[in-house]
Every structure is written in C-alpha cells, then in structure tokens.
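Residue 78 in this note's numbering sits at position 92 of the sequence shown, with consecutive numbering throughout. First the structure, in the form of structure tokens, and then the observations on it.
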Amino acid sequence: MIFDILTLLPEACEAYLKASILGRAQKAGLIQVRLTNIRDFAFDRHRTVDDAPYGGGDGMVMKVEPLVAALESLPDKPRPRIVLMAPQGQPLTQALAAELAGLERLVIVCGRYEGIDERVRKLAVDQEISLGDFVLSGGELPALAVVDAVSRLIPGVLGGEGSAAADSFSDGLLEHPHYTRPPEFRGLGVPEVLTSGNHAAIERWRRKESLRRTLLRRPELLQTARLSPSDQELLDAIRGEQDEATPGATLAKTGF
Ligand code: SAH
C-alpha cells in the first residue's frame, strides 16, 4: 500500500516513520510512505502557504493553491483516496482502519494553523478523519496514527510481533491483560492459569478477562460485539464475581 502525506512539517514525521514496525514494513516493501512538503508548491518568492482569513479574526488559513498543486503533483494511478485530517471528521476507529487497509493508495493531507481553505475540501477531499474530540496544532500526529493503525492490518507487517486479530477492538472487545517474566514482582504474582500450560484454560481466561475489561471500562462496546453463548455465560459469571467483590458498586452504575 502506498501512503502520501502532504504536510508543512515532513521532518516532524520522518523519525516516527523510520522506527520499528513502520520502518521495517517499508524496508520489506509492504508499505511505501512518501512525504510531500506543501511549501514546495508555494508560488511566490516568500514561499507563502498561509494567509489571513476572509472576514477577519485570529489565526491564519492554509492557502488553496499550494495544496491543490501539491495534490496534483502526485501520480494519479492507482486512484488514491484523499483524506484530510480534521477534528470535524469521522472518528478513527479500528473498523475504519481495516477499511482503509484494503486500499492500494491513501493520500493524507495535514492541516496547520486554523485549518485549510474550505475550497480544498470541496475540490479534492474524499473523506475527513479525526483522531478524537480534541484539537492538535497540526495534522501530522493524526496522519501518523492513520498510517500506523492501517499498516498493522496489512498482512506481513506485524510479522512475529503478535496478531492484530487479537488486539483491542478487532472483535469489538478490549484485549485481556498481559504478563511477562518475572513470575513475582513486589509481591504481585501472575495468574496461575497462564503458567499452567493448559491452552484451553488460558484461552478461556483471556476471553473472560477481555469481557471483564470491556464490561468495566467500555460497556457500550458489548452492545455491538459478536458474543457467543459461552461469552454470555462468562459475562454472567463476571457479574456475579463483581457483585461479591463490590456489592452494588461499579456494575450498577454501568447499567449491566
Ligand atoms: N480551527 C480548526 C482546528 C485547526 S487545528 C477547527 O476548529 O476545527 C490545525 C490542524 O490540525 C487541522 O487542520 C487538522 O489537520 C489538525 N488536527 C487538529 N486536531 C485534530 C484532530 N483531533 N484530528 C485530526 N486532525 C486534527
């Protein structure tokens, strides 16, 4: 898959793209990430990329011409999806990342300042994506988040580093807790089942703890998660255990 990131700060993206999983995925040819500096497409002597907003007010607006020129400089085949990072966009979720992972090409536009001239949206943008209900200073961190979340789902990218299929949200639930050596640290042990070698029991424990986490932290996810009859039994058992531990507390509040 080929990603193009259009940004005023390519240097802010470089280190993250080179490191670890994304760096290796590029070396292995599983993904390609190209950085385009929007400033290279400014047309005046001062290389101006922003201007004061029509109507007045604070802040600057990214100009339409350099951005459209930068977009038009990219190869047009295979036809990319062009997304704009914007706090007003569709929230980035695992489901959206999975959909994007099916594309051959993705072009990501990073805003800065107060944002971009609205006409870029109208002329060129297929989709707007938000990292969440907060405002950052630029679209670079959100763009890197998209590249990372999408790349992990491309076959071969994770290699031996675990399976994306078990990650939180991939089946609609939060993932179970993890432990590694040592077996005891400051009086805290490891759940016995994990060292039992009994794979069926381990799987059952993991599924139960995944359901418990989701019930306690994000109960709304259970409404849409794919739950089997044995999941329902585990949930009932968890509710019983919680009631014993904290009668009438957390679970009553969550409505489950
Ligand atoms: N004035 C704009 C915010 C501009 S922030 C507004 O109120 O909607 C500057 C740039 O940072 C944006 O153009 C966008 O590309 C990026 N950005 C900021 N917060 C973001 C978020 N939560 N998700 C995605 N992109 C974001």
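Every residue, glycine too, gets a C-beta built ideally from N, C-alpha and C.
Using only the alpha-carbon positions, how far apart do residue i and residue j sit?
i	j	result
residue -11	residue 145	20 Å
residue 116	residue 83	12 Å
residue 96	residue 86	17 Å
residue 38	residue 50	12 Å
residue 22	residue 166	41 Å
residue 104	residue -13	28 Å
residue 168	residue 32	59 Å
residue 48	residue 205	41 Å
residue 102	residue 218	48 Å
residue 18	residue 156	24 Å
residue 243	residue 60	No answer is possible for residue 243: it lies beyond the span of the chain, which begins at -13 and ends at 242.
residue 229	residue 135	37 Å
residue 153	residue 42	47 Å
residue 66	residue 158	28 Å
residue 29	residue 5	34 Å
residue 68	residue 132	13 Å
Starting from residue i, trace the alpha helix (DSSP H) in both directions and tell me its first and last residue.
i	result
residue 9	6 to 13
residue 219	215 to 231
residue 209	Segment: none, residue 209 is in no alpha helix (DSSP H) and carries neither H nor E.
residue 134	126 to 137
residue 188	185 to 203
Report whether the distance from the Cβ of residue i to the nearest heavy atom of ligand 1 is below 6 Å.
i	result
residue 73	yes
residue 141	no
residue 128	yes
residue 82	no
residue 121	yes
residue 42	no
Which stretch, first to last residue, makes up the beta strand (DSSP E) that contains residue i?
i	result
residue 57	Premise fails: residue 57 lies in the alpha helix (DSSP H), 50 to 58, not in any beta strand (DSSP E).
residue 22	18 to 23
residue 116	113 to 116
What's the call for residue i, buried or exposed, on a 16-neighbour Cβ count within 10 Å?
i	result
residue 212	exposed
residue 3	buried
residue 214	exposed
residue 171	exposed
residue 121	exposed
residue 182	exposed
residue -7	buried
residue 200	buried
residue 27	buried
residue 137	buried
residue 174	exposed
residue 77	exposed
residue 129	buried
Comparing the C-beta of residue i with each C-beta of chain D, is any distance below 7 Å?
i	result
residue 8	Structure shown: chain D not included; a single protein chain is present.
Legend entry - the segment 105 to 119 / the segment 10 to 22 touching (three or more Cβ pairs under 8 Å): no
Legend entry - Any 3 or more C-beta pairs closer than 8 Å across the segment 150 to 166 and the segment 181 to 199: yes
Inset, instruction - Kindly confirm or deny that the segment 57 to 72 and the segment 120 to 135 touch, where touching means at least three C-beta pairs closer than 8 Å. - result: yes
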